[in-house]
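A short write-up of the structure that comes next.
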Amino acid sequence: MISFKHVSKHYPNGTTAVDDLSLELPEGDITVLVGSSGCGKTTTLRMVNRMVEPSSGTVSVGGRDILEADAAELRRGIGYVIQQAGLFPHRTILDNIATVPLLLGWGRRKARARAAELLELVGLPAGSGKRYPHQLSGGQQQRVGVARALAADPPVLLMDEPFGAVDPVVRTQLQNELLRLQSELRKTVVFVTHDIDEAVRLGDRIAIFRTGGHLVQCAPPAELLASPADDFVAGFLGAERGLKLLSLSTLAGLPQEPADDKGRWRLVTSGRGEPLGWRDTEGPDGDEAPLLPVRPLRDTDSLLSALDESLASPAGLVARVDADGVLTGVTGRDRIHEHAGRRHAEAGRTNASQAPDPDASVTA
Ligand code: ADP
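Just so we're on the same page, the numbering used here is the position in the sequence shown counted from 1, plus 81.
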């Protein structure tokens with residue numbers, strides 16, 4: 082969908098912002114560009130809509146060289162979201178969102194109707210449409226920024242540190258919201274951040290840059306975490322790389338056993354088969370004993386949440402349910418720990434010559 086072929090950008094002052102970048106960004110994916118400040122992420126992003134023109138090489142969108150397209154027309158097919166939303170302060174929220182449809186000549190009524198629809202899509206109350214940007218919180222303004230970028234339903238969305246200026250709680254909400262929107266809209270998204278956790282949460286693929294505008298590695302998050310190309314990437318992913326990998330690995334494929342009634346702990350279910358809680362059959366209260374909480378997990382839940390639940394569960398068992406929340410079986414603590422340990426160990430290696438020394442002694 083978006084392709085960079087041997088693209089470099091040199092500024093007149095001699096700075097090389099992007100150095101011989103070749104990268105394909107698949108249609109319908111979120112590709113996150115990540116790296117420390119000044120490594121060329123924003124320059125790369127801005128070359129997609131020609132706010133910055135490459136010094137050499139070819140950038141194409143939908144198979145077309147961007148230098149051959151009319152810049153204004155190109156930009157109308159590409160939504161653009163920046164930090165602090167960049168809203169027009171003297172226009173209402175609805176008018177802000179309707180900006181591009183109006184430019185495209187949709188007419189006021191249709192553009193307003195579309196704006197109202199988008200307001201709802203990004204989770205803002207209908208009443209906020211008549212307000213002005215300064216009357217909204219930072220997180221709400223950011224939602225308006227996303228709505229405005231989506232207004233003309235462009236196939237491509239560029240997002241430059243869009244959630245950088247909001248507090249961590251709101252940031253998490255906005256990230257979840259983006260994932261929800263993306264599961265419906267399937268845009269081709271280019272997302273810039275310097276936050277590796279944000280990259281891991283949002284990216285279908287992550288492109289890691291280092292100073293001088295060099296792309297070091299581009300891969301899906303799980304692959305990146307399991308096999309970083311070199312020590313630079315491993316260092317950037319951080320010491321908790323193993324935990325991050327567990328948060329991305331799912332329970333699917335991990336065997337389960339029938340939940341039988343023979344042990345001390347009985348899993349009580351509803352009439353529909355939904356787990357309700359654990360009962361201690363050997364306690365003094367017998368069948369009157371209060372239920373201890375259970376957090377049933379689906380195949381799509383992470384190994385990290387399974388580890389957590391295996392430690393919290395009095396029975397040492399994780400209750401597994403199907404998409405309807407109906408019990409399918411249980412998996413024991415040992416099995417989960419062994420599986421997680423194996424995944425975690427995978428993340429302990431890099432593709433660089435870093436194989437663990439088999440003779441090294443391990444101290445507890
Ligand atoms: P990032 O988004 O990763 O922080 P940028 O793409 O903004 O990095 O910048 C990459 C490099 O190019 C930096 O060294 C920056 O100072 C430089 N740079 C960016 N824009 C210009 C410009 N207009 N003129 C000169 N240098 C620039």
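Backbone N, C-alpha and C fix where the C-beta goes; we use that ideal spot for every residue, glycine too.
Cβ-based neighbour list, residue i, same chain, cut-off 7 Å, excluding 5 preceding and 5 following
i	result
V99	V88, S89, K90, G121, T124, T125, G294
R345	D361, T362, E363
A233	R157, V181, P182, L185
V349	L357, G358, R360, L372
In DSSP terms, what residue i is bridged to
i	result
E412	A quick correction: the sequence has Thr, not Glu, at residue 412. Bridge partners of T412: V399.
A300	I287
T381	None; T381 has no bridge partner.
G352	According to DSSP, G352 bridges with nothing at all.
Pair within 8 Å by beta-carbon distance, residue i and residue j
i	j	result
S330	S264	no
V225	L231	no
G138	I174	no
L327	D380	no
E108	M128	no
I111	V270	yes
N77	I159	This structure gives no information on residue 77, because the portion of the chain shown stretches from 82 to 445.
I163	L155	no
R401	G116	no
Proximity test, residue i beta-carbon vs the ligand ADP heavy atom, cut-off 7 Å
i	result
G121	yes
N177	no
N94	yes
S31	Only positions 82 to 445 of the chain appear in this structure, which leaves residue 31 out of reach.
T274	no
T412	no
T112	no
T269	no
T253	no
A30	A query on residue 30 cannot be resolved here, the shown segment of the chain reaching from 82 to 445 and no further.
T409	no
Residue nearest to residue i in terms of C-alpha spacing, selected from the options
i	options	result
D285	D276, P93, A196, F272	F272
G219	K191, L175, V250	V250
G410	A396, D341, L392, A303	D341
I481	E242, Q254, P93	Since the displayed the chain opens at 82 and closes at 445, residue 481 lies outside it and no answer follows.
L239	A400, A387, V113, G406	V113
L388	G319, G413, D176, L372	G413
N257	P235, V281, P236, V237	V281
A396	V247, K343, R252, D366	K343
Residues near residue i by beta carbon distance below 8 Å, same chain, minus five either side
i	result
S351	L357
Y92	A98
6 Å CB neighbourhood of residue i in its chain, flanking five on each side removed
i	result
T96	none
V443	The predicted model places V443 with a pLDDT of 40, which falls under 50 and marks its position as unreliable, so this point remains unresolved.
D403	T409
G406	E355
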